[in-house]
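Residue numbers (this note's numbering), protein chains in the order written: chain A, 56 to 438; chain B, 61 to 240. The C-beta atom is built at its ideal place from N, Cα and C for all residues, glycine as well. Right, one structure below, let's go through it.
See the structure below:
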């Protein structure tokens, strides 16, 4: 695990240059990395620049694509050199509020620290960068020196791995969505949600389905007690996706929180993700093996997923390790549709098109532009 | 998204080939009626023979090794249980006990050209609205006696594409090589 050891080490401070949703809790913004317009602007360029990968094949924005909710659309992520990973790419939407940033490592809670993993991690290799090569490329361009000077005024040597992490984190904290039809309903617009979505919301919060027990709070990722009171800390849950051995076992390449804690009962426990944007962030689950969102609802309804074929068959409903909250429920086709309508209603579609979050390298509407293609600077690493 | 859009792309489909061959071998005489004399066994049409290039040769070279075994899923819903990339690794795909076999191939490039080589007679389809078959399913031109097919598939956008193998042999050899 790479650690930059920067940011996240002082008392939080609210950003003043970004209008975060007023009905959201305070975002996690480290005191030693306050948001500034210049830093966000620099971070936006860096986020979308393929120079940040060893072979020019990846940028942050390629694997976290705006049009599909800042994910990549893959089952499991694929690194710059073509290596297939073992986990699904998490969305970056509302990452400023996320306590635990990864699927199964509770220690990774700070964007500034985490960024070195995709940038320079070797197992798995994501972008394959080294600090020396990164600095060489950025310092050798005509684009970046003035952007770094503006973002870090007074710093005599601003182009460093540390400042890259600060700027990228600043930009990523501006990736938020709090203007869904659900939000408008929450803020008093009784007409904002469709009847189907309202019925779905009632189901979502019902004692029968218990969805909100793990997907609570305004971001739909926080645990709640039976009375609906929010509980502290991220939720890690075994949802009965696998049971390959009858003892609740998961495929060995991804065993969940167990990999971090060594505790057998943590087999198959993964971070409960936010449901905001869930309708555009598929495939779903930690390993992306659910291709259809309705299938995921069906798995919860039966109290765990039944894998009937492929390399890992088994009945997750019979797992002794699954969460007691995944007990199953009955659901009609109409109720499934209502739930799906609600999940769509909690997703702020404007995030997918917001100009301030788009790549600064490509002109919107550029004819012939292939979705997400690295349009500049693809070939030469100089300007 | 591609995995939700089940627009079919023609893969190696022997029904299609058979149909074309039947049409090609029906000849009409000067009288406008079908000739009744038996026709000799037709020679393979040149267009049925794929290129003898570096990719085809690479596939021939991979034929004799010990392929990695993969158990295919039995439904579109479970296709992602078996996910690969076009990594030039030969695999022996094990079909479900009954029905079609499914997997996902991930293409992490734009405008990617992928050569798919498999056993002769295997039928497969790649699902998605960003895929296009650039060639028919042909005989590998580098080793035409090895029973290997060769098809060039273009993926216009990166993403995860479900692949369906029609019910047939219990196991099949398969390798996907992305062209440079």
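According to DSSP, simplified to helix, strand and coil, what is residue i?
{"i": "residue 290(A)", "result": "coil"}
{"i": "residue 345(A)", "result": "strand"}
{"i": "residue 339(A)", "result": "strand"}
{"i": "residue 233(B)", "result": "strand"}
{"i": "residue 120(A)", "result": "strand"}
{"i": "residue 94(A)", "result": "helix"}
{"i": "residue 163(B)", "result": "strand"}
{"i": "residue 263(A)", "result": "coil"}
{"i": "residue 214(B)", "result": "strand"}
{"i": "residue 179(B)", "result": "strand"}
{"i": "residue 371(A)", "result": "helix"}
{"i": "residue 255(A)", "result": "helix"}
{"i": "residue 359(A)", "result": "coil"}
{"i": "residue 103(A)", "result": "coil"}
{"i": "residue 72(B)", "result": "coil"}
{"i": "residue 112(A)", "result": "coil"}
{"i": "residue 129(A)", "result": "coil"}
{"i": "residue 391(A)", "result": "helix"}
{"i": "residue 305(A)", "result": "coil"}
{"i": "residue 94(B)", "result": "For residue 94(B), the predicted model reports a pLDDT of 48, less than 50, meaning its position is unreliable; a value from the coordinates is still stated below. It is a strand residue."}
{"i": "residue 79(A)", "result": "coil"}
{"i": "residue 45(A)", "result": "Summary: the structure shown does not reach residue 45(A), with chain A confined to residues 56 through 438, and so no result is reported for it."}
Taking the alpha-carbon positions, what's the residue i to residue j distance?
{"i": "residue 179(B)", "j": "residue 325(A)", "result": "40 Å"}
{"i": "residue 133(A)", "j": "residue 295(A)", "result": "26 Å"}
{"i": "residue 235(A)", "j": "residue 402(A)", "result": "5 Å"}
{"i": "residue 147(A)", "j": "residue 225(A)", "result": "13 Å"}
{"i": "residue 266(A)", "j": "residue 333(A)", "result": "14 Å"}
{"i": "residue 230(B)", "j": "residue 152(B)", "result": "10 Å"}
{"i": "residue 261(A)", "j": "residue 280(A)", "result": "13 Å"}
{"i": "residue 81(A)", "j": "residue 123(A)", "result": "25 Å"}
{"i": "residue 84(A)", "j": "residue 167(A)", "result": "10 Å"}
{"i": "residue 307(A)", "j": "residue 213(A)", "result": "43 Å"}
{"i": "residue 144(A)", "j": "residue 86(A)", "result": "28 Å"}
{"i": "residue 224(B)", "j": "residue 393(A)", "result": "31 Å"}
{"i": "residue 143(B)", "j": "residue 218(B)", "result": "15 Å"}
{"i": "residue 150(A)", "j": "residue 228(A)", "result": "6 Å"}
{"i": "residue 116(B)", "j": "residue 176(A)", "result": "35 Å"}
{"i": "residue 223(A)", "j": "residue 159(A)", "result": "23 Å"}
{"i": "residue 149(B)", "j": "residue 161(B)", "result": "19 Å"}
{"i": "residue 371(A)", "j": "residue 142(A)", "result": "19 Å"}
{"i": "residue 312(A)", "j": "residue 321(A)", "result": "5 Å"}
{"i": "residue 227(B)", "j": "residue 364(A)", "result": "15 Å"}
{"i": "residue 386(A)", "j": "residue 207(A)", "result": "55 Å"}
{"i": "residue 140(A)", "j": "residue 338(A)", "result": "14 Å"}
{"i": "residue 140(B)", "j": "residue 165(B)", "result": "9 Å"}
{"i": "residue 88(A)", "j": "residue 164(A)", "result": "15 Å"}
{"i": "residue 305(A)", "j": "residue 285(A)", "result": "29 Å"}
{"i": "residue 187(B)", "j": "residue 138(B)", "result": "14 Å"}
{"i": "residue 203(A)", "j": "residue 240(A)", "result": "41 Å"}
{"i": "residue 111(B)", "j": "residue 172(B)", "result": "18 Å"}
Between residue i and residue j, which are expected to be in contact by the criterion C-beta below 8 Å, what is the C-beta distance as a whole number of angstroms?
{"i": "residue 241(B)", "j": "residue 232(B)", "result": "Only positions 61 to 240 of chain B appear in this structure, which leaves residue 241(B) out of reach."}
{"i": "residue 72(B)", "j": "residue 206(B)", "result": "Actually they are not in contact, since the Cβ atoms of residue 72(B) and residue 206(B) sit about 15 Å apart, beyond 8 Å."}
{"i": "residue 412(A)", "j": "residue 121(A)", "result": "6 Å"}
{"i": "residue 145(B)", "j": "residue 137(A)", "result": "6 Å"}
{"i": "residue 191(B)", "j": "residue 213(B)", "result": "6 Å"}
{"i": "residue 136(B)", "j": "residue 222(B)", "result": "6 Å"}
{"i": "residue 301(A)", "j": "residue 396(A)", "result": "Contact flag wrong, Cβ pair sits at about 37 Å."}
{"i": "residue 125(A)", "j": "residue 273(A)", "result": "About 19 Å; that fails the 8 Å criterion."}
Along the alpha helix (DSSP H) that carries residue i, what are the first and last residues, could you check?
{"i": "residue 183(B)", "result": "First-last for residue 183(B): undefined, no H or E at that position."}
{"i": "residue 225(A)", "result": "216-227"}
{"i": "residue 237(A)", "result": "236-241"}
{"i": "residue 363(A)", "result": "No alpha helix (DSSP H) contains residue 363(A), which DSSP labels as neither H nor E."}
{"i": "residue 139(B)", "result": "Careful: residue 139(B) lies outside any alpha helix (DSSP H) and carries neither H nor E."}
{"i": "residue 165(A)", "result": "Note, residue 165(A): premise wrong, no alpha helix (DSSP H); not H, not E."}
{"i": "residue 204(A)", "result": "199-206"}
{"i": "residue 191(A)", "result": "186-194"}
Quick one: residues in its chain with C-beta nearer than 6 Å to the C-beta of residue i, no 5 flanking neighbours on either side, listed in chain order?
{"i": "residue 115(A)", "result": "102"}
{"i": "residue 161(A)", "result": "155"}
{"i": "residue 113(A)", "result": "135 and 182"}
{"i": "residue 76(A)", "result": "233"}
For the beta strand (DSSP E) containing residue i, name the first residue and the last one.
{"i": "residue 151(B)", "result": "151-154"}
{"i": "residue 221(B)", "result": "219-225"}
{"i": "residue 130(B)", "result": "128-131"}
{"i": "residue 192(B)", "result": "191-193"}
{"i": "residue 277(A)", "result": "277-279"}
Please list, in chain order, all residues of the same chain as residue i whose beta carbon is under 7 Å from its beta carbon, the five residues on each side excluded.
{"i": "residue 269(A)", "result": "278, 290, 292, 327 and 380"}
{"i": "residue 382(A)", "result": "358"}
Cutting at 8 Å between CB atoms, please list the residues of its own chain near residue i, excluding the five before and the five after it.
{"i": "residue 155(B)", "result": "132, 161, 225, 227, 228, 229, 230, 231 and 232"}
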